[in-house]
Amino acid sequence: MTSQNVKRAKAGDDFAIQTFNLTRKFNSLVAVDGIDLNIKRGELFALLGPNGAGKTTTINMLCCLLKPSGGTAQVLGYDILKQPFKIKETIGVSPQETVISEHLNPQENLVLIGKIHGIDTRELKSRSQELLETMGLEARAKDQVRKFSGGMKRRLNIMMALIHNPKVLFLDEPTLGLDPQARRAIWEYIIRLKKEKTILLTTHYMDEADFLADRIGIMDEGKIVALGTSRELKTGLLDILEKHTIVIHAQNFTQKVISEMRTRYAEVEVTEDTMVISDKQLGFQEIVDLLHISGVTVSSAYTKEPTLDDVFLNITGKELRE
Amino acid sequence: MRLLALASRNLKETYRDPLALGFLLGFPLVFMLLFGAIFSGDETPNYAIGVIDEDNTPLSQAFVDEALAQVPVLEVSTYDDTATALRDLKFGDLKAYIVIPDGFGQQVNSNWQGDKADITLNITYDESDIMVSEQIVTIINATTRAFAQIEVPITINAEPIYIETEIDYMDFIGPGIIVFGILIIIPTAARTMVSDKEKGMLARLLTTPTRPIDFILGYSLGLVLLAAAQIIIIMLATWLLGLNMTGNPFLAFFVFLLTSLCCIGIGMVVASLTKTENQAEPLCWLFAMPLAALSGCWFSIELMPSYLRTFANAFPFAHTIEASRAILIRGVGLEAISYDFFFLVGWAVAIFALGVILFRRSMRS
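Protein chains in written order, with the working numbering: chain A, 35 to 356; chain B, 15 to 379.
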């Protein structure tokens with residue numbers, strides 16, 4: 035065993051997913067450009083990026099659907115090139131498109147995947163029952179899924195990735211195209227799975243990554259352009275920008291107060307009942323007191339945090355459109 | 015287990031889809047009912063044909079009196095010479111006349127004794143009416159075959175000849191319609207596979223431990239079961255509509271099933287070469303419809319130019335129609351249709367192998 039392999043094997047004990055200069059080209063297009071990821075066991079890792087960033091291509095390589103053009107990856111210590119069927123036995127994949135058998139009922143869809151994974155009928159029955167109850171589909175267990183709403187189909191799509199109790203779960207855009215209520219229901223279920231499983235989730239919704247992920251890898255043009263927890267990414271941006279912002283809502287900003295604030299702080303913008311103050315350093319209490327003394331009735335005030343969109347914009351110069 | 019799970023899913027996906035199922039069963043049944051209705055009414059066609067018996071043996075006479083005379087659509091008159099018959103044909107009094115050549119009785123007798131010998135009949139017909147003349151040739155052809163190859167006791171000279179089969183139109187059209195029904199398996203198979211590719215089901219299942227061979231066998235098993243059900247239903251329907259099943263229906267069923275394997279193989283090849291249902295479906299019909307016509311699903315191929323017949327014979331369907339007619343109408347066994355049977359076996363193996371290679375390749379891309 036070479037020293038590099040030893041290192042990889044040891045690292046594999048801690049990490050569920052590792053990529054080593056993973057690359058995929060489609061003719062001249064480099065869809066995934068030499069990414070190196072280390073996803074810990076039990077971690078929920080989100081790949082966040084716009085459409086076409088290379089997120090799905092990355093997942094497709096990790097679940098052995100697509101061969102890399104360069105580099106490799108390991109899932110639970112198994113190499114995607116050398117042991118694809120070992121990997122397929124241990125993973126669950128919920129594809130970006132809702133892929134279900136439309137003329138089968140949810141129970142039959144779950145049984146199909148369960149049997150493919152060699153689960154015995156009795157266990158399959160209890161597991162599918164449990165999943166249907168958890169996902170709120172037990173009342174429709176015998177209806178053909180072609181009659182289901184988009185949200186119900188999406189839930190089944192995820193359940194099919196879970197029926198064989200995989201150790202690693204790939205969720206490719208799990209809430210794509212769903213209404214806020216359906217998205218929230220799926221988020222709640224994903225949160226329940228955290229710690230039990232290693233989850234690699236791709237999304238182009240920054241709020242989804244922000245809400246669900248332990249760590250986020252921001253992806254653009256095939257590369258991981260930023261990596262860390264949501265807080266780390268945002269704090270990092272604050273450090274880079276050296277700019278803090280406070281937003282104040284009040285009814286009676288006078289010209290005198292506005293002028294006073296502009297002499298004290300670098301940027302002050304006022305629109306009707308809102309004042310936005312930005313500077314390298316800001317004292318929240320100091321500003322509120324100052325406004326109070328000047329006779330302004332403050333109805334609300336908060337420190338504005340950068341969003342992941344701001345982080346993406348700062349790094350790539352583009353907006354992360356939803 | 016994987017294979018059965020996949021086969022069961024594929025079967026359910028098709029039989030629970032009313033459109034797909036309706037197409038698979040309804041389309042050939044509609045054709046059958048249509049043909050059945052056309053030829054089962056009171057106004058059956060009546061074709062005047064003349065017969066000149068140059069053989070003049072008890073067998074040739076029996077052929078005229080027992081076989082030809084019993085065909086409901088034929089009105090048979092005997093002539094002493096061809097000149098008179100030709101005159102009547104030209105005047106339109108006859109649609110065709112048959113000359114039974116010297117040696118006909120001997121040829122038939124040889125067949126009855128188990129020595130295969132060619133039966134020669136000379137038919138002169140009015141070719142201005144293409145459909146009618148073609149039907150007459152087909153009817154006479156089938157009647158002669160039924161007469162010559164039928165199993166009868168050795169004591170033929172002592173007993174009047176027993177004609178087991180009365181040939182009617184459903185007997186000609188039945189096997190063709192069944193084969194046409196089987197041909198619909200081609201678009202059904204291609205659609206099932208391409209749809210899974212197009213909608214991502216194949217990709218999803220490829221993230222499980224399923225091996226490519228599991229998919230191929232899973233699709234095939236589901237489709238074979240569906241084809242078997244379809245064949246049974248169409249065979250029953252043709253029987254109800256008047257197809258005389260003289261021979262072993264199980265042997266005929268097996269021949270049809272072999273043909274359905276060929277169709278699944280062709281569907282697999284089409285599915286490998288296409289990416290969407292919209293591409294696969296027209297391609298299948300482009301293939302199936304001309305082949306149905308060329309193979310004789312709806313009318314006899316006897317009058318087709320020889321190069322077209324050679325082309326049709328390169329595919330399984332003309333062989334199926336020939337073999338199934340031989341079994342169902344003439345009551346022959348496996349031995350008599352061995353060439354067609356092994357042609358079908360060879361074709362099924364070859365097209366399946368090609369389908370498997372191509373489909374595996376398309377799964378990787």
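Idealized CB from N, CA, C, for every residue including glycine.
Does the Cβ of residue i have 16 or more other Cβ atoms within 10 Å, making it buried, or fewer, making it exposed?
i: Phe331(B); result: buried
i: Leu96(A); result: buried
i: Val65(B); result: buried
i: Pro200(A); result: buried
i: Pro223(B); result: buried
i: Thr331(A); result: exposed
i: Ser160(A); result: exposed
i: Ala328(B); result: exposed
i: Met46(B); result: buried
i: Asp129(B); result: exposed
Once DSSP output is grouped into helix, strand and coil, what is the label at residue i?
i: Val87(B); result: coil
i: Glu165(B); result: Confidence at Glu165(B) is low in this model, with a pLDDT of 36, below 50, so its placement is unreliable and no value can be given for it.
i: His333(B); result: helix
i: Thr305(A); result: strand
i: Asn61(A); result: coil
i: Tyr299(A); result: coil
i: Ala45(A); result: Residue confidence for Ala45(A) is low, a pLDDT of 48 falling below 50, so the modelled location carries little weight and cannot support an answer.
i: Tyr176(B); result: Unreliable placement is indicated for Tyr176(B), whose pLDDT of 28 sits below 50; no coordinate value is reported for it.
i: His278(A); result: strand
i: Glu157(A); result: helix
i: His151(A); result: coil
i: Met259(B); result: coil
i: Ala307(B); result: helix
i: Thr134(B); result: coil
i: Lys211(B); result: helix
Compare the C-beta of residue i with all C-beta atoms of chain A and state if any pair is closer than 8 Å.
i: Lys109(B); result: no
i: Asp220(B); result: Note on identity: in this sequence residue 220(B) is Leu, with Asp being the wrong assignment. Output row for Leu220(B): interface = yes.
i: Ala160(B); result: no
i: Pro42(B); result: no
i: Pro437(B); result: As displayed, chain B neither begins before 15 nor continues past 379, which places residue 437(B) out of reach and without an answer.
i: Pro223(B); result: yes
i: Glu336(B); result: no
i: Arg16(B); result: yes
i: Lys213(B); result: yes
i: Lys289(B); result: no
i: Ile326(B); result: It should be noted that the sequence gives Ala, not Ile, for residue 326(B). So, not an interface residue.
i: Glu295(B); result: no
i: Arg375(B); result: no
So, under 8 Å CB-CB, residue i and residue j are touching, yes? Tell me the CB distance rounded to an integer number of Å.
i: Leu71(A); j: Ile258(A); result: 7 Å
i: Phe194(B); j: Cys311(B); result: 4 Å
i: Phe79(A); j: Arg249(A); result: 5 Å
i: Leu99(A); j: Thr221(B); result: 6 Å
i: Thr168(A); j: Ala107(A); result: 31 Å between Cβ atoms; not a contact.
i: Leu81(A); j: Thr92(A); result: 6 Å
i: Val345(A); j: Leu271(A); result: 5 Å
Apart from the five residues on each side of it in sequence, which residues of its chain come closer than 7 Å, Cβ to Cβ, to residue i?
i: Gly317(A); result: none
i: Ala19(B); result: none
i: Gly190(B); result: Gly310, Cys311, Trp312 and Ile335
i: Ala251(B); result: Leu43 and Met46
i: Thr90(A); result: Gln130, Asp206 and Thr236
With a threshold of 8 Å between beta-carbons, can residue i be considered close to chain B, or not?
i: Glu131(A); result: yes
i: Ile220(A); result: no
i: Gln108(A); result: no
i: Glu142(A); result: yes
i: Gln117(A); result: no
i: Lys181(A); result: no
i: Ile125(A); result: yes
i: Gln178(A); result: yes
i: Ile250(A); result: no
Quick one: what's got a C-beta closer than 6 Å to residue i's C-beta in the same chain, skipping five residues either side?
i: Tyr93(B); result: Gly64, Ile66 and Ala99
i: Ser162(A); result: Gln141 and Leu144
i: Gly105(A); result: Phe54, Asn55, Leu56 and Thr57
i: Glu301(A); result: Ser312
i: Asp102(B); result: Leu108
Report all residues from its chain with a CB closer than 8 Å to the CB of residue i; omit the five preceding and five following residues, and keep chain order.
i: Asn85(A); result: His238
i: Leu348(B); result: Leu265 and Phe355
i: Leu271(B); result: Val238, Ala241, Ala242 and Ile245
i: Ser338(B); result: Pro189, Ile192, Val193, Ala266, Val269 and Phe270
i: Leu158(A); result: Leu144, Val145, Gly148, Lys149 and Ile197
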